[in-house]
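Going down the list, the protein sequences come from chains A and B.
Using this note's numbering, you'd call the opening residue of the first sequence number 27 and step up by one each time.
Using this note's numbering, you'd call the opening residue of the second sequence number 68 and step up by one each time.
Ideal Cβ positions, reconstructed from N, Cα and C, are used throughout, including at glycine.
This structure is a prediction, so every number in the text was calculated from the model and none was measured.
Down below is the structure, laid out as structure tokens.
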Amino acid sequence: DAGVTQSPTHLIKTRGQQVTLRCSPKSGHDTVSWYQQALGQGPQFIFQYYEEEERQRGNFPDRFSGHQFPNYSSELNVNALLLGDSALYLCASSPTGIDSGNTIYFGEGSWLTVV
Amino acid sequence: SQQGEEDPQALSIQEGENATMNCSYKTSINNLQWYRQNSGRGLVHLILIRSNEREKHSGRLRVTLDTSKKSSSLLITASRAADTASYFCATWGTGAQKLVFGQGTRLTINP
Numbered sequence: 027d028a029g030v031t032q033s034p035t036h037l038i039k040t041r042g043q044q045v046t047l048r049c050s051p052k053s054g055h056d057t058v059s060w061y062q063q064a065l066g067q068g069p070q071f072i073f074q075y076y077e078e079e080e081r082q083r084g085n086f087p088d089r090f091s092g093h094q095f096p097n098y099s100s101e102l103n104v105n106a107l108l109l110g111d112s113a114l115y116l117c118a119s120s121p122t123g124i125d126s127g128n129t130i131y132f133g134e135g136s137w138l139t140v141v
Numbered sequence: 068s069q070q071g072e073e074d075p076q077a078l079s080i081q082e083g084e085n086a087t088m089n090c091s092y093k094t095s096i097n098n099l100q101w102y103r104q105n106s107g108r109g110l111v112h113l114i115l116i117r118s119n120e121r122e123k124h125s126g127r128l129r130v131t132l133d134t135s136k137k138s139s140s141l142l143i144t145a146s147r148a149a150d151t152a153s154y155f156c157a158t159w160g161t162g163a164q165k166l167v168f169g170q171g172t173r174l175t176i177n178p
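This is the structure in structure tokens:
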């Protein structure tokens, strides 16, 4: 049973460019969330997708956008990259009924460096 | 913004000793989850404790939750070098759709 998978694992982008990160949730999970983790900090919630719609959003600018596909996989897009966007981007998945408090599983993350 | 605050920020102990990490939070919760993160890697789920539970065990891990004090603790017994990692508590708030993490405790186990 594959866990949460993310790609790419590492990438380097130039300031002002755009990036797309991808995530496949754990089998049987239909809810995907994205978190940003700066070096030395705890992860910060970006947004959550369920039934192909953004269900909740954290305190991130509109440069951060996402998408969920019918197979529950998800993409995170960041436009007009800033140096401060350099971070580990984590995808998390969970099954329906997350409101009741199910275990949330994370992928290995995508390391983004903006130069 | 971070809701959880872990204490201590860093902990260094000898192999075989017990390690205790504490977490405090600010709002009412449905559950609290502890994660481990090895350097530069993803988060590994350790244990989930619901708001109506006071203590849970999993192998060498023991988690307590005191909702009246809005605090939790993670105890790792008989520590091993492989336990060296950062440990995060994360709360799932009442009516929330997300986990809110603390800044973590960096645990070092010395051989």
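I'd like to check one pair, residue j with residue i: are the Cβ atoms closer than 7 Å?
i	j	result
Glu82(B)	Ala149(B)	no
Arg81(A)	Gln100(B)	no
Leu115(B)	Phe132(A)	no
Pro51(A)	Val58(A)	yes
Ile96(B)	Gly171(B)	no
Arg48(A)	Glu101(A)	yes
Arg83(A)	Val104(A)	no
For residue i, count neighbouring Cβ atoms within 10 angstroms of its own Cβ and tell me buried if that reaches 16, exposed if not.
i	result
Glu122(B)	exposed
Ala86(B)	buried
Phe73(A)	buried
Val144(A)	The requested residue 144(A) is not part of the displayed model; chain A covers only 27 to 141.
Phe95(A)	exposed
Glu77(A)	exposed
Val167(B)	buried
Asp111(A)	buried
Val141(A)	exposed
Gly92(A)	buried
For residue i, which three-state DSSP category applies?
i	result
Ala149(B)	helix
Ser135(B)	coil
Lys123(B)	strand
Leu99(B)	strand
Val141(A)	coil
Leu65(A)	coil
Tyr92(B)	coil
Gly160(B)	strand
Ser136(A)	strand
Identify every residue that forms a DSSP beta bridge with residue i.
i	result
Tyr76(A)	Thr57(A) and Glu79(A)
Arg48(A)	Ser33(A) and Glu101(A)
Asn177(B)	Gln81(B)
Arg108(B)	In DSSP, Arg108(B) forms no bridge with anything.
Could I get the ranges of all uninterrupted beta strand (DSSP E) runs contained in the stretch 87-130 of chain A, with 3 residues as the minimum, in chain order?
90-94, 100-104 and 113-120
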